[in-house]
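Those sequence lines, one after another, are chains G, P and H. If you're matching positions, the first sequence starts at 160 in my numbering and goes up one per residue. If you're matching positions, the second sequence starts at 1212 in my numbering and goes up one per residue. If you're matching positions, the third sequence starts at 397 in my numbering and goes up one per residue. Note that the Cβ used here is the ideal one computed from N, Cα and C, for glycine as well. Please read all numbers here as calculations on a predicted model, not as lab measurements. Some notes on the structure that comes next.
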Amino acid sequence: MLLASLLVASFVIFGALYLAPGNPISALSGGRALPASSLRVLEQRYHLNQPFLAQYWYWLENALHGNFGISITLQENVSAVIGARMWTTGGLVLYAALIILVVGIGSGIIAALRPGLADTSVLVSTAVSAAVPSFVAAIVLILMFSVKLGWFPALGNGTSFISNVRHFTLPAIALAVSSLAIVARVTRAAVREEADREHVQTAISRGIPARQMVRRHILRNAAIPITTVSGITIASLIAVAAVVETAFSLNGLGAYLVQAAASKDLAVVQGISLVLVAAFVLINAVVDVLYAVLDPRVTLGSRAQ
Amino acid sequence: MTPASPSASPVPLLAVEGLTVLLPVEGVQRAVLRDVSLQIRPGEAVGLVGESGSGKSMTARAIDRLLPRGAQVAGQIRFQGSEVGALAGAQLRSYRNRVAMIFQDPRAHVNPVRRIGDFMTEALRTNLGVRAEEARQRAVDMLSQVGIEDGQRRLRQYPHELSGGMLQRVRIAAALLTEPALLLADEPTTALDVTTQAEVMAILDELRREYGLAMLFITHDLELAAAICDRTAVMYAGQIVEVRKSELLHTDPLHPYTAALAAARPDIAQKSRRLRAIPGRPLSAFEAPAGECAFAPRCPHAEPACQAALPELVELDGGLSRCIRVAELRGQLEATHA
Amino acid sequence: MSAAIGVSARRARSAARGGAVGLLRGTGNPGLVSAAVIAVAVALAVIGPLLAPYNPDLPNLSLAWVGPAGGHLLGFDFEGRDVLSRLLAGAQSSMLGPLAVVAGAMALGTVVAIVAAWRQGAADTVISAGLDILFAFPGLLLAVLAAAIFGAGLTSATVALAIAYMPYVARVMRGAALKERGQPYVAALEVQGVPATSICLKHIVPNMLPLIVAQATIMFGWAMVDLAAISFLGLGVQPPAPNWGVMISENQPGILQGYPLPALTAGLCIVSVVIAFNVLGERLFEQAQAARR
């Protein structure tokens, strides 16, 4: 199913070329006037004289081999640019994912198992953080931690690993903020629901000690919906990373995508879109597998949404 | 475990006295059990019969300290002499090993993501420190006792791979592994089909005798209780209204409610023109008015005196009754069919 | 049979009669406060530009970044325009965009869901498969793609987001529609020969109304965040048009230079309205769930 999604997605991304007003040539060139030789190169490379499906096939084939064409604006191989920037985006998403998992799941569990002040404060803070878009979080974080406190740098990538971590911290937090809320809430709901289930009553009635019961029965079972929501949330980070990269002037894939879209550099847009959608689909596939592993009642591919 | 005869020791295994339980319902504390008293001797099977809302499940939960959050408990529950309500920590867990409970819906009560073997041996390994290998062996032995052969294979399976009846048998086996002295069975066969019901009942009965287990058997089916229990208690609106030797329950009931319950069950051997239902609906404890007999509004033998004061439990012919007119009504209460 | 139909009709009628007031009353204090905030935002969206004390579009570089002074409560932005006026004027595009997205996604999604739930069988399978594929497109990505092809602007962003949100609506509505479909009153109506569209429009949809309203409310919050993000990226509403998302990106340099007010206030507007929609939407959702039981 996911493979089909990917295929259709690639079809749409490619077909977008034809949706654009004007003919494909003008779309590819972004409306710029090009010398005749360049036009011929474009025609050849994109097989513009051939039927649509054939063109699609060539493009897909190239893409699978890592050849995404040439960027009009940068006059470079798109794949080279993607390769260079992939690590920035990947690192950012990973860092943010870590924050979401640790803080989100952690606070959800605490809120569920300790009703009272902890619970209320988690509920309130998630209600607020859910509403804060990444770029608003970005400017607030920059204001507080860069300008006022000077703990973290405001913009740009770092040079070494340590300096990278420093540079990526604020962006990762900004990226994680709004997703934290839903992970925390779902975790809290899942743990609470499991705690009330009958099989937990059975465990209590058999005298299983509390800590063991929480670990083996409540958390283990709640892991199913928690994993699902975490996976989906992390997958969605891929798209939002573009916003955070722009806000913090990081040279990641997302920022490049936005710039290319603004300058109508279609080859770049197509290439990066394909990579991002593929990553999205990949993460969803991993979640599917995890789900089947965690819940012996489900067979692979039947994840109920 | 040696079989013990019920009349051997006069000291009750379980003594419940004056148990009153309040539960928060929409923010208000409401009574679900009122002044319940019950005794179970070692090796004795006592039935607890009542309609939904009568409080029978709550009684078992109170005994096992499984009441929902916010419950208020008054009264005493003594198990082998110690006050159950005062137990905590390791003592409470040890109590839970000596009192086992099985519930109505086996599927909901077994963790679906863990294997059967894990489920069965969990209590043994954690609380009694039995090594995994030996625990598994004991589990396999117990499984064959409840009629499940090829136990090794079953231990590796997941709950969803077993039928409801089989799962309930697994539950019973698991409960018996810790060698409890008392088994609380809350409608263990209600969720099963009739054939499986009979099998599970037979297993329960046999094992109980073999291990000398005391049992509190909760059901809404009067005849079922009478079949395997020595004594039966009948509950209505959170109170015990009658306790009687099971075989006398049908022939010589001591409370109009018991008689009505028995009469309401259609007899397969006779033809009836109508089903005899008890008019009105069963009350929960908090719906019953305080100073009168809770059953009076639905009772065919009610008199004004019945609603003047709350009837006490009186002893009569080896049983207990909460009907003020029991002495005169005796003999007329026999279950009859139209 | 007519009793069964009566039940459905009664439910729908009471939902309509209770209407907005009935729904709101059940959401408690947070719900009421949120509704009030939303009402203010809506009012601003309509008359905001008229309320602006100064011209929101007139640049005056000599006043750039000046803080609150005189009648200018919030100071000036990076081009010397009055921040308060720009916020008030920006309410329009900041609120209208999400409205269009929600309207589009809800309409499309509900129709698709009802068709899938009504016909079931092959049609349902195909539609569900299609929806599953659509789920692979994050909304933001689709909007960026649309901007690349059709040019940046509110229209392309709105359409792209509506398409991206549609599967979420469809999934929720499909579940509810399937449940309604299985109710006895529907069978009763079918047997009487009432045409399918009529049953759907007059009975099924009205009974799903609380859920529709709840979903739309929550979705408005998402749309607002996404659209503001797109405008922030420069691919939505284009500067110099006033828009809260654009204002944040325009005035971001001010943060580093010690003039945070313009960007922050714009951010605050977005966050407050989104919180209001989220809180209200969640409570409406709970109400809708409770009513179905």
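With 16 other CB atoms within 10 Å as the buried threshold, where does residue i fall?
i                       : result
residue 1374 of chain P : exposed
residue 1283 of chain P : exposed
residue 1332 of chain P : buried
residue 589 of chain H  : exposed
residue 162 of chain G  : exposed
residue 1371 of chain P : exposed
residue 168 of chain G  : buried
residue 580 of chain H  : exposed
residue 1481 of chain P : exposed
residue 1267 of chain P : buried
Name, please, each residue of chain P whose Cβ falls closer than 7 Å to the Cβ of residue i.
i                      : result
residue 326 of chain G : Going along chain P, no residue has its Cβ under 7 Å from residue 326 of chain G, so there is no contact; the nearest lies around 41 Å.
residue 368 of chain G : 1304, 1337
residue 379 of chain G : 1324
Could you tell me whether the Cβ atoms of residue i and residue j are closer together than 8 Å?
i                       : j                       : result
residue 312 of chain G  : residue 319 of chain G  : no
residue 286 of chain G  : residue 671 of chain H  : yes
residue 1442 of chain P : residue 1257 of chain P : yes
residue 1456 of chain P : residue 1530 of chain P : yes
residue 1495 of chain P : residue 1423 of chain P : no
residue 295 of chain G  : residue 669 of chain H  : no
residue 1396 of chain P : residue 1357 of chain P : no
residue 435 of chain G  : residue 397 of chain G  : yes
residue 1451 of chain P : residue 1247 of chain P : yes
residue 1259 of chain P : residue 1427 of chain P : yes
residue 469 of chain H  : residue 444 of chain H  : no
residue 638 of chain H  : residue 535 of chain H  : no
residue 339 of chain G  : residue 259 of chain G  : yes
residue 498 of chain H  : residue 615 of chain H  : yes
residue 567 of chain H  : residue 527 of chain H  : yes
Who pairs with residue i in a beta bridge, going by DSSP?
i                       : result
residue 1294 of chain P : P/1289
residue 1532 of chain P : P/1453, P/1525
residue 387 of chain G  : Beta-bridge pairing links residue 387 of chain G to no other residue.
residue 1256 of chain P : P/1426
Check the Cβ of residue i against every Cβ in chain G and list those closer than 8 Å, keeping chain order.
i                       : result
residue 555 of chain H  : Simply none; closest approach about 12 Å.
residue 1319 of chain P : 356, 357, 358
residue 529 of chain H  : 163, 164, 167, 168
Assign residue i to one of three DSSP states: helix, strand, or coil.
i                       : result
residue 507 of chain H  : helix
residue 1229 of chain P : strand
residue 1235 of chain P : strand
residue 1397 of chain P : strand
residue 611 of chain H  : helix
residue 628 of chain H  : helix
residue 1178 of chain P : The requested residue 1178 of chain P does not occur in the structure, where chain P is confined to residues 1212 to 1549.
residue 1422 of chain P : helix
residue 1215 of chain P : Residue placement at residue 1215 of chain P is poorly supported in this model, since its pLDDT is 42, which falls under 50; the coordinates still yield a value, given next. Residue state, collapsed to three classes: coil.
residue 1465 of chain P : coil
residue 531 of chain H  : coil
residue 1249 of chain P : strand
residue 639 of chain H  : coil
residue 1241 of chain P : strand
residue 647 of chain H  : coil
residue 1548 of chain P : With a pLDDT of 39 at residue 1548 of chain P, under the threshold of 50, the modelled position of that residue is not reliable, and the figure given next carries that caveat. Three-state result, residue 1548 of chain P: coil.
residue 463 of chain G  : Confidence is the limiting factor: at residue 463 of chain G the pLDDT is only 44, short of 50, which leaves the residue's position unreliable, though a coordinate-based value still follows. Three-state result, residue 463 of chain G: coil.
residue 326 of chain G  : helix
Can you pull the chain H neighbours of residue i, defined as C-beta to C-beta under 7 Å?
i                      : result
residue 284 of chain G : The contacting residues do not exist; residue 284 of chain G stays about 12 Å from chain H at best.
residue 435 of chain G : 537
At a CB-CB cut-off below 9 Å, which residues of chain P make contact with residue i?
i                      : result
residue 352 of chain G : Result: empty, since nearest Cβ-Cβ is about 13 Å, beyond 9 Å.
residue 453 of chain G : 1324
Could you name the residues of chain G that residue i contacts, counting a contact when the two beta carbons are closer than 9 Å?
i                       : result
residue 1314 of chain P : 357, 360, 361, 364
residue 670 of chain H  : 289, 290, 291, 292
For residue i, which residues in chain B fall below 8 Å Cβ to Cβ?
i                      : result
residue 674 of chain H : Going by chain labels, chain B is absent from the structure shown, which instead holds the protein chains G, P and H.
Taking residue i as the query, report the chain H residues whose CB atoms sit under 9 Å from its CB, ordered along the chain.
i                      : result
residue 439 of chain G : 532, 533, 534, 537
residue 258 of chain G : Those do not exist, as residue 258 of chain G stays about 19 Å from chain H at its closest Cβ, beyond 9 Å.
Please compile the residues from chain G whose C-beta is within a distance smaller than 7 Å of the C-beta of residue i.
i                       : result
residue 1241 of chain P : Residues of chain G passing the Cβ test: none, with the nearest at roughly 20 Å.
residue 659 of chain H  : 298
residue 1371 of chain P : 456
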